[in-house]
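Asker:
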Amino acid sequence: MWNPEHRLAADRGGLRYPSDLNDAEWALIAPHIPPARRGGRRRSVEVREVVNAIFYVLSTGCQWKALPKDLPPKSTAHFYFMLWDWDGTLERIHDTLYVALREAAGREASPTAAIIDSQSAKASQKGALRLIRKASMRPRRSRAASVTSSSTRSVSCSA
(Lines of atoms letter the chains of each structure in order from A and count residues from 1; the text may use other names and numbers.)
(Lines give C-alpha, C1' and ligand atoms only; values in the text may rest on other atoms or scores of the structure.)
Protein backbone atom coordinates (compact mmCIF):
# COMPACT_ATOMS: atom_id res chain seq x y z
CA MET A 1 0.00 0.00 0.00
CA TRP A 2 1.25 3.48 -0.80
CA ASN A 3 2.09 5.50 2.25
CA PRO A 4 4.21 8.65 2.59
CA GLU A 5 7.35 6.58 3.21
CA HIS A 6 6.85 4.57 0.00
CA ARG A 7 6.07 7.66 -2.02
CA LEU A 8 9.27 9.32 -0.81
CA ALA A 9 11.32 6.25 -1.73
CA ALA A 10 9.74 6.02 -5.19
CA ASP A 11 10.02 9.76 -5.95
CA ARG A 12 12.20 10.31 -9.01
CA GLY A 13 11.46 14.02 -9.27
CA GLY A 14 15.00 15.22 -8.60
CA LEU A 15 16.46 13.19 -11.45
CA ARG A 16 16.97 14.32 -15.02
CA TYR A 17 15.07 11.32 -16.42
CA PRO A 18 12.94 8.81 -14.51
CA SER A 19 15.32 6.04 -15.64
CA ASP A 20 18.42 7.74 -14.15
CA LEU A 21 20.07 6.17 -11.13
CA ASN A 22 19.90 7.88 -7.79
CA ASP A 23 22.85 7.68 -5.40
CA ALA A 24 21.51 4.66 -3.48
CA GLU A 25 20.93 2.69 -6.70
CA TRP A 26 24.35 3.62 -8.02
CA ALA A 27 25.92 2.43 -4.75
CA LEU A 28 24.35 -1.00 -5.37
CA ILE A 29 25.46 -1.21 -9.00
CA ALA A 30 28.93 0.40 -8.92
CA PRO A 31 30.81 -2.58 -7.42
CA HIS A 32 29.66 -4.76 -10.34
CA ILE A 33 31.00 -2.46 -13.06
CA PRO A 34 34.38 -3.78 -14.24
CA PRO A 35 37.28 -1.35 -13.92
CA ALA A 36 38.93 0.15 -16.99
CA ARG A 37 41.50 -2.01 -18.72
CA ARG A 38 45.09 -1.56 -17.73
CA GLY A 39 47.31 0.31 -20.16
CA GLY A 40 46.17 2.55 -22.95
CA ARG A 41 44.17 5.72 -22.53
CA ARG A 42 42.21 6.47 -19.42
CA ARG A 43 38.47 6.01 -19.58
CA SER A 44 37.09 9.31 -20.84
CA VAL A 45 33.42 8.57 -20.23
CA GLU A 46 31.66 8.58 -16.89
CA VAL A 47 30.37 5.04 -16.37
CA ARG A 48 27.33 6.16 -14.36
CA GLU A 49 26.18 8.19 -17.36
CA VAL A 50 26.66 5.15 -19.60
CA VAL A 51 24.45 3.12 -17.25
CA ASN A 52 21.90 5.96 -17.31
CA ALA A 53 21.94 5.88 -21.12
CA ILE A 54 21.43 2.10 -21.19
CA PHE A 55 18.59 2.33 -18.68
CA TYR A 56 17.04 5.16 -20.73
CA VAL A 57 16.94 2.97 -23.85
CA LEU A 58 15.64 -0.03 -21.91
CA SER A 59 12.93 1.92 -20.09
CA THR A 60 11.68 4.01 -23.02
CA GLY A 61 12.19 1.49 -25.79
CA CYS A 62 13.72 4.15 -28.01
CA GLN A 63 16.37 3.43 -30.60
CA TRP A 64 20.03 3.93 -29.73
CA LYS A 65 20.23 6.79 -32.22
CA ALA A 66 17.39 8.57 -30.37
CA LEU A 67 19.37 9.01 -27.13
CA PRO A 68 19.18 12.55 -25.79
CA LYS A 69 22.26 14.69 -26.38
CA ASP A 70 23.02 15.07 -22.66
CA LEU A 71 23.73 11.32 -22.38
CA PRO A 72 26.88 9.69 -23.80
CA PRO A 73 26.97 9.06 -27.58
CA LYS A 74 24.95 6.14 -28.88
CA SER A 75 28.08 4.30 -30.03
CA THR A 76 29.61 4.49 -26.56
CA ALA A 77 26.43 3.42 -24.77
CA HIS A 78 25.83 0.57 -27.22
CA PHE A 79 29.46 -0.59 -26.99
CA TYR A 80 29.27 -0.84 -23.20
CA PHE A 81 25.85 -2.51 -23.41
CA MET A 82 27.20 -5.21 -25.73
CA LEU A 83 30.42 -5.62 -23.72
CA TRP A 84 28.59 -5.93 -20.40
CA ASP A 85 26.08 -8.32 -21.92
CA TRP A 86 28.94 -10.50 -23.19
CA ASP A 87 30.96 -10.52 -19.96
CA GLY A 88 27.98 -11.02 -17.64
CA THR A 89 28.01 -7.58 -16.00
CA LEU A 90 24.37 -6.90 -16.90
CA GLU A 91 23.31 -10.21 -15.41
CA ARG A 92 25.18 -9.45 -12.17
CA ILE A 93 23.55 -6.01 -12.00
CA HIS A 94 20.13 -7.56 -12.60
CA ASP A 95 20.66 -10.18 -9.89
CA THR A 96 21.80 -7.54 -7.39
CA LEU A 97 18.78 -5.32 -8.05
CA TYR A 98 16.45 -8.33 -7.98
CA VAL A 99 17.70 -9.47 -4.56
CA ALA A 100 17.59 -5.92 -3.18
CA LEU A 101 14.01 -5.46 -4.40
CA ARG A 102 12.85 -8.76 -2.89
CA GLU A 103 14.51 -7.97 0.44
CA ALA A 104 12.99 -4.48 0.46
CA ALA A 105 9.58 -6.08 -0.04
CA GLY A 106 10.20 -8.37 2.97
CA ARG A 107 10.65 -11.53 0.93
CA GLU A 108 13.49 -14.03 0.82
CA ALA A 109 16.30 -13.26 -1.62
CA SER A 110 15.41 -16.18 -3.87
CA PRO A 111 11.89 -17.45 -4.54
CA THR A 112 10.84 -20.65 -2.81
CA ALA A 113 8.01 -21.57 -5.19
CA ALA A 114 7.63 -21.72 -8.94
CA ILE A 115 4.75 -22.12 -11.38
CA ILE A 116 5.24 -24.48 -14.28
CA ASP A 117 2.78 -24.65 -17.15
CA SER A 118 1.70 -27.92 -18.77
CA GLN A 119 3.94 -27.43 -21.81
CA SER A 120 7.04 -27.15 -19.61
CA ALA A 121 5.98 -30.21 -17.62
CA LYS A 122 5.56 -32.27 -20.81
CA ALA A 123 8.96 -31.13 -22.04
CA SER A 124 10.73 -32.14 -18.86
CA GLN A 125 9.12 -35.59 -18.92
CA LYS A 126 10.31 -36.31 -22.45
CA GLY A 127 13.71 -34.83 -21.73
CA ALA A 128 14.42 -33.59 -25.22
CA LEU A 129 14.38 -29.99 -26.36
CA ARG A 130 14.39 -31.13 -29.97
CA LEU A 131 10.97 -32.74 -29.57
CA ILE A 132 9.47 -29.53 -28.23
CA ARG A 133 11.02 -27.49 -31.00
CA LYS A 134 9.74 -29.94 -33.61
CA ALA A 135 6.22 -30.01 -32.15
CA SER A 136 5.96 -26.26 -31.71
CA MET A 137 7.27 -25.38 -35.17
CA ARG A 138 4.94 -27.33 -37.43
CA PRO A 139 4.74 -26.20 -41.03
CA ARG A 140 1.89 -23.82 -41.73
CA ARG A 141 1.40 -24.80 -45.34
CA SER A 142 -0.24 -27.98 -46.52
CA ARG A 143 1.75 -30.62 -48.34
CA ALA A 144 -0.16 -29.95 -51.54
CA ALA A 145 0.91 -26.30 -51.50
CA SER A 146 4.58 -27.20 -51.21
CA VAL A 147 4.67 -29.71 -54.07
CA THR A 148 5.66 -28.40 -57.48
CA SER A 149 2.62 -27.97 -59.65
CA SER A 150 1.90 -30.87 -61.98
CA SER A 151 0.94 -28.51 -64.79
CA THR A 152 4.57 -27.69 -65.52
CA ARG A 153 6.33 -30.26 -67.63
CA SER A 154 9.91 -31.20 -67.62
CA VAL A 155 11.34 -30.58 -71.06
CA SER A 156 14.47 -32.43 -72.02
CA CYS A 157 16.67 -31.38 -74.87
CA SER A 158 17.69 -34.20 -77.17
CA ALA A 159 20.42 -33.75 -79.65
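Letter by letter, the sequence shown follows residues 1213 to 1371 in this note's numbering.
Ideal Cβ placement from N, Cα and C applies to all residues, glycine included.
What's the gap between the Cα of L1240 and the Cα of L1233?
Answerer: The straight-line gap from Cα to Cα measures roughly 10 Å.
Asker: What would DSSP say about P1216, mapped onto helix, strand or coil?
Answerer: helix
Asker: If we count the other Cβ atoms within 10 Å of its Cβ and call it buried at 16 or more, is P1372 buried or exposed?
Answerer: In the structure as shown, the chain starts at 1213 and stops at 1371, and residue 1372 therefore has no counterpart that could be examined.
Asker: For the alpha helix (DSSP H) holding K1277, just list the boundary residues, first then last.
Answerer: In this chain, K1277 is not harboured by any alpha helix (DSSP H), its DSSP state being neither H nor E.
Asker: So the candidates are S1231, P1216, P1247, L1227; which of them puts its Cα closest to the Cα of D1299?
Answerer: P1247
Asker: Out of curiosity, what's the CA-to-CA distance linking A1326 and N1215?
Answerer: 30 Å
Asker: Would the region 1257 to 1267 and the region 1281 to 1290 be scored as touching if the rule is three or more Cβ pairs under 8 Å?
Answerer: yes
Asker: Looking only at its chain, what residues have a beta carbon closer than 6 Å to the beta carbon of S1231, apart from the 5 residues adjacent to it on each side?
Answerer: Cβ within range, chain order: F1267, Y1268, S1271.
Asker: Helix, strand or coil, according to DSSP, for S1231 in the structure here?
Answerer: coil
Asker: Let's test the definition: count the other Cβ atoms within 10 Å of the Cβ of P1243 and tell me whether it reaches 16, buried, or not, exposed.
Answerer: It counts as exposed.
Asker: If you compare alpha carbons, which of M1294, A1312, Q1275, W1296 is closest to A1236?
Answerer: A1312
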